[in-house]
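Working notes, beginning with the structure itself.
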Ligand SMILES: [Zn+2]
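Structure below.
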C-alpha cells in the first residue's frame, strides 16, 4: 500500500523548527506540485535551491518536509505537475506518499484560512497541527474522512463492483464514507445493503490506510453474505455493474498502492488452490 514505506521513515511529529538547507519543499498550486528533473520520476525542490516562506509539515527519512506558504512561479529548471498522478506513478514510494499527504494538508490549510464560525482569519497553532481562530477560539484539525471498504465473499466468490464513473473493466470493492452516528461495522452493513442489497455476517477488521487522494482514512473489512440469496440489487446512482468472481476470474488490481488491491489479492491467495 502507498503508506508502506518502512517503519519510522515517515514522522508526523509536530515541529516549529525553521527549514534548513537540504530540507524538502512541497510547493502546491491547487492540485499541482512543483518539481524538477526527469518528468517520469521528478524530484522535489530542496530548501536552499529555493527559499520561500514555508513551515514544517512532517519528516521523511530524517529530512524535514516544508510546505510553501505562497504559490511560486516555477523558477528555471522547475515545473508543475499533477500531484495525485505523480503519487500514483512515482517509482519512489516515499516520495509518492509524501506528495499525496502534503497535498491533503495543503488542501486543508487552504480551506481553513477563515474561521467557519465567525469568519475571522485563522492562524496556525503553535502547539499542534491545527488552525485556530484568534477571535472566537474555534480549532480546526486536518480533514480526515473515514470510509470503509469491504471484501464481501460467498461460497468462494468475491463481490466486485464498477462505479458509474469508472472505466469498463475497472472493478473495485464496496466502499463508502462513514456517516454521522455510525460505527465502522454499521457503515459496512449500510453500504452493502444500499449498493447491492446484500445482508452481511462475520464482519472482520482487515487493515486501514491513510488515503490522501480523497482526504480519507480507509478502514478495510472482510465480510460474508448472510444467507443464500446472492442476488445483486444494484444501486444505479452509484454502480454501473457488480458481479461475483472466483479467485481465477477476479480482475487483478492495476497497482498495489491501495487497500482495495490488498483485499483483492488476499482473497485470490486464500482461494487459489496450491498446485
Ligand atoms: Zn472564529
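Numbering (the working numbering), first residue to last: 337 to 611. A virtual CB, placed ideally from N, CA and C, is assigned to each residue, including glycine. These numbers were taken from a predicted model, which means no experiment stands behind them.
Beta-ladder partner(s) of residue i, from DSSP
i, result
"residue 469", "DSSP, once it has assigned bridges, lists no residue as partnering residue 469."
"residue 452", "None, per the DSSP bridge assignment."
"residue 387", "Answer is none; residue 387 lacks a bridge partner."
"residue 382", "360"
"residue 571", "DSSP lists no partner for residue 571."
"residue 457", "450"
"residue 365", "368"
"residue 511", "485"
"residue 414", "372"
"residue 476", "467"
Residue i: CB within 8 Å of a non-hydrogen atom of ligand 1
i, result
"residue 401", "no"
"residue 409", "no"
"residue 449", "no"
"residue 471", "yes"
"residue 459", "no"
"residue 456", "yes"
"residue 625", "Nothing in the structure corresponds to residue 625, since the chain is present only between 337 and 611."
"residue 446", "no"
"residue 545", "no"
"residue 474", "yes"
Residue range of the unbroken beta strand (DSSP E) whose run includes residue i
i, result
"residue 371", "368-372"
"residue 545", "536-547"
"residue 560", "552-561"
"residue 487", "481-490"
"residue 577", "575-581"
"residue 493", "493-499"
Neighbourhood of residue i by C-beta, 7 Å cutoff - its chain only, sequence neighbours within 5 removed
i, result
"residue 365", "407, 416"
"residue 493", "580, 581, 582"
"residue 618", "Since the first and last residues shown for the chain are 337 and 611, residue 618 lies out of range."
Pairwise C-alpha distance: residue j and residue i
i, j, result
"residue 592", "residue 469", "40 Å"
"residue 573", "residue 352", "46 Å"
"residue 566", "residue 512", "21 Å"
"residue 382", "residue 423", "18 Å"
"residue 380", "residue 400", "12 Å"
"residue 517", "residue 507", "29 Å"
"residue 371", "residue 344", "25 Å"
"residue 405", "residue 543", "34 Å"
"residue 535", "residue 524", "10 Å"
"residue 526", "residue 389", "46 Å"
"residue 485", "residue 413", "41 Å"
"residue 368", "residue 561", "42 Å"
"residue 495", "residue 449", "42 Å"
"residue 445", "residue 467", "8 Å"
"residue 437", "residue 564", "42 Å"
"residue 460", "residue 514", "28 Å"
"residue 472", "residue 488", "46 Å"
"residue 606", "residue 586", "13 Å"
"residue 550", "residue 409", "26 Å"
Cβ shell of residue i (< 6 Å), same chain only, five flanking positions each side left out
i, result
"residue 578", "497, 532, 568, 570"
"residue 600", "589"
"residue 443", "none"
"residue 602", "none"
"residue 419", "367, 369, 435, 439"
"residue 474", "451, 453"
"residue 520", "484, 555"
Extent of the continuous alpha helix (DSSP H) to which residue i belongs
i, result
"residue 529", "520-532"
"residue 600", "595-607"
"residue 425", "419-425"
"residue 400", "Run containing residue 400: none in the alpha helix (DSSP H); it sits in the beta strand (DSSP E), 399-404."
"residue 350", "That residue, residue 350, is in no alpha helix (DSSP H); it is neither H nor E in DSSP."
Sequence-distant residues of the same chain with beta carbon closer than 8 Å to residue i, five excluded per side
i, result
"residue 374", "none"
"residue 540", "557, 558, 559"
"residue 402", "355, 359, 360, 361, 362, 383, 390, 391, 392, 393"
"residue 504", "498"
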